[in-house]
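Presented below is the structure to which this report refers.
Shown next, in the form of structure tokens:
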């Protein structure tokens, strides 16, 4: 019986680690709000690029988002494409690009934190392709990757520690919370638990209505920042005691041994507002980048 339990426990974490990025809901909200912020000429450029997607890719994106296969590909849906294809042979090598791992004593993410294959490198890589490529197929893939990376880097568990797979091995439990790990909680449940809607489109409609009104002061303040600023904002949240992801001991952010960690309604309310702000920041920063690059 102990062997069976161990196998089930192990399989859960394998599935969790491979299955969850910011989540369909979060990625769609980030990129749909970003699209709303674009000038009309830039919106048109985005639509032209997405309109050039192959039929096969459009079908794949719609299926991944539980949408009719013939429906229009919005920027929001397109930003989920890197997750839809990440297990395909030609994209498996890009899995580490969805995050950056740091040492548990590290308080800042710098250029030396990652020398190869991580999100702080993925963003400028695809920005360059989007700005310089003359090949529409390369350009639209760069657009979809870039939108996805902006969502991921603003999710605190994507800028955290390798020893527990960025919170995938940190168990959580709470009333009416389907997410069973800290990573999954920040990817999905902090957003989805803010609405009574059960389907993706309904959840997205409610949250975009709630989050799309952003002050000009915040837009201005959030735009003039760098990739490493974004990563360090996420790392700071991951390291906070109130996040309950780790605890400070001798300058090290150590794994909390007593698990599962209880997530109550106060936590959902406080950190729901925090992930909302991270979504807004990602959207504003993506829009700013796209205006510059396209």
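In my numbering, the protein residues as written are 1108 to 1401.
Glycine residues also receive a C-beta, built at the ideal position from the N, C-alpha and C atoms.
Assignment of residue 1360 by DSSP, reduced to helix, strand and coil, places it in the strand class. The beta carbon of residue 1285 sits closer than 7 Å to the beta carbons of 1296 from its chain, once the five residues preceding and following it are set aside; these are given in chain order. The distance from the Cβ of residue 1381 to that of residue 1149 is about 29 Å, inconsistent with a contact at the 8 Å cut-off.
For residue 1204, the closest alpha carbon among the candidates 1307, 1226 and 1220 is that of 1226.
A contact between stretches requires three or more CB pairs, one per stretch, nearer than 8 Å, and the segment 1145 to 1162 fails this requirement with the segment 1195 to 1211.
For the pair of segments examined, the segment 1135 to 1142 was found to touch the segment 1385 to 1401: the number of CB pairs separated by less than 8 Å reaches three. A Cβ-Cβ distance of about 17 Å is found for the pair residue 1395 and residue 1255, leaving them out of contact under the 8 Å criterion. Runs of the alpha helix (DSSP H) lying entirely within the segment 1140 to 1219, each at least 4 residues long, are 1147 to 1158, 1162 to 1171, 1182 to 1185 and 1188 to 1192 in chain order. A direct Cα-Cα distance of roughly 42 Å separates residue 1361 from residue 1180. Cβ neighbours of residue 1351 within its own chain (closer than 6 Å, five residues either side excluded): 1368. Rounded to the nearest whole angstrom, the CA to CA distance from residue 1310 to residue 1383 is 13 Å. With respect to residue 1356, residue 1363 sits apart: the two C-beta atoms are not nearer than 8 Å. The continuous alpha helix (DSSP H) containing residue 1251 extends over residues 1243 to 1260. For residue 1316, the closest C-alpha among the options 1302, 1175 and 1163 is that of 1302. Judged by DSSP in its simplified three-state form, residue 1221 adopts coil rather than helix or strand. Contact annotation: residue 1300 and residue 1401 have beta-carbon atoms that are not nearer than 8 Å.
Contact between the segment 1226 to 1243 and the segment 1162 to 1172 is absent: fewer than 3 CB-CB pairs across the two stretches fall below 8 Å. If you draw a straight line from the Cα of residue 1252 to the Cα of residue 1329, it is about 21 Å long. Here the C-alpha atom of residue 1386 lies approximately 13 Å from the C-alpha atom of residue 1340. Under the DSSP definition of a beta bridge, residue 1233 lacks any partner. Scanning the segment 1306 to 1388 for uninterrupted beta strand (DSSP E) segments of 3 residues or longer gives 1353 to 1356 and 1359 to 1362, listed from N- to C-terminal end.
Counting only residues of its own chain and dropping the five nearest sequence neighbours on each side, residue 1144 has a CB closer than 6 Å to the CB of 1394. Residue 1312 has its alpha-carbon roughly 28 Å from the corresponding atom of residue 1246. The alpha-carbon separation between residue 1192 and residue 1331 amounts to approximately 32 Å.
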